[in-house]
Amino acid sequence: MTSDRDEYHGLCSSGPGMTAIGADINECALDPDICPNGQCENLRGTYKCICNAGYEIDTTGKACIDIDECALNTLLCDNGQCRNTPGSFTCTCPKGFVFKPDLQTCEDIDECESSPCVNGVCKNTAGSFVCECSPESSLDATKTICIETVKGTCWKTIVNGRCEININGATLKSQCCSSLGAAWGSPCVPCERDPICSKGYSRIRGTVCEGM
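Residue numbering for the sequence shown is 631 to 842, as defined by our numbering.
Printed below as a string of structure tokens:
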């Protein structure tokens, strides 16, 4: 009885990947799908797979397997979440961050560039921002508008660096400086003209010029 080994040598006397007469078998032509996620290159007696981007050859050299970019490079999608996909990856950035394709990271958005704070100073923070008000003001419910809440002494004139003539007792700074006041507070601070409202008008609520 002929053994399997004898039968194999009888059919494949020239070795694997070769015909009985010694001609190469083109595995790539026989099976166009022999290298999923790659290109097949025929070799004498065998073949190899050349993998597409995002894939790598396995230990057999005959199959292309997905590269887990997220596991390979922990800095991918920094500040965000990296998710591996077949042949690639995606980044999901949290609120306040934007994906930068050139760096492949989530970069903080500087919200202060759009000047969101009214009558206050914008300070950028990671993923957000805060508005800081002057001592005589406080933030409204939106956290973006500084509204005057503190009343102080309104002074009519400044003589040799001294504030003189108290006007009408305690007033808001904007009311004082938009009317007859030259300085406000104790210790007094010279008034600065509001660049938006004309004389006789002030922005007590932060956005609208109101008549005194």
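Don't be surprised by glycine CBs; every beta carbon is placed ideally from N, CA and C.
Using the Cβ count rule (16 or more neighbours within 10 Å means buried), how would you classify residue i?
i      : result
Lys854 : Since the first and last residues shown for the chain are 631 and 842, residue 854 lies out of range.
Glu657 : buried
Ile826 : exposed
Ile795 : exposed
Gly782 : buried
Thr755 : exposed
Thr801 : buried
Ser828 : exposed
Ser764 : exposed
Give the straight-line distance between the Cα atoms of residue i and residue j, rounded to the nearest whole angstrom.
i      : j      : result
Ala659 : Asn703 : 37 Å
Leu705 : Thr735 : 8 Å
Glu743 : Glu762 : 15 Å
Asn714 : Pro724 : 17 Å
Lys753 : Glu741 : 9 Å
Thr856 : Ile739 : No statement about residue 856 is possible, as the shown extent of the chain runs from 631 to 842 and does not include it.
Gly799 : Pro746 : 34 Å
Gln669 : Gly717 : 14 Å
For residue i, report the span of its beta strand (DSSP E) as first-last.
i      : result
Gln669 : 668-673
Cys658 : Cys658 -> not in any beta strand (DSSP E); alpha helix (DSSP H) instead, spanning 657-660.
Thr689 : Neither: Thr689 is in no beta strand (DSSP E) and is coded neither H nor E.
Could you tell me the boundaries of the alpha helix (DSSP H) in which residue i lies?
i      : result
Lys803 : 803-807
Glu699 : 699-702
With distances taken between CB atoms, is the gap from residue i to residue j smaller than 7 Å?
i      : j      : result
Ile777 : Val748 : no
Cys700 : Cys679 : no
Asn672 : Cys694 : no
Cys721 : Phe727 : no
Taking only beta-carbon positions, decide if residue i is within less than 7 Å of chain D.
i      : result
Glu743 : Here chain D cannot be found, since the structure has a single protein chain.
Q.
Tell me whether the stretch 773-792 and the stretch 807-817 touch, counting them as touching only if at least three CB pairs, one residue from each stretch, are closer than 8 Å.
A. yes
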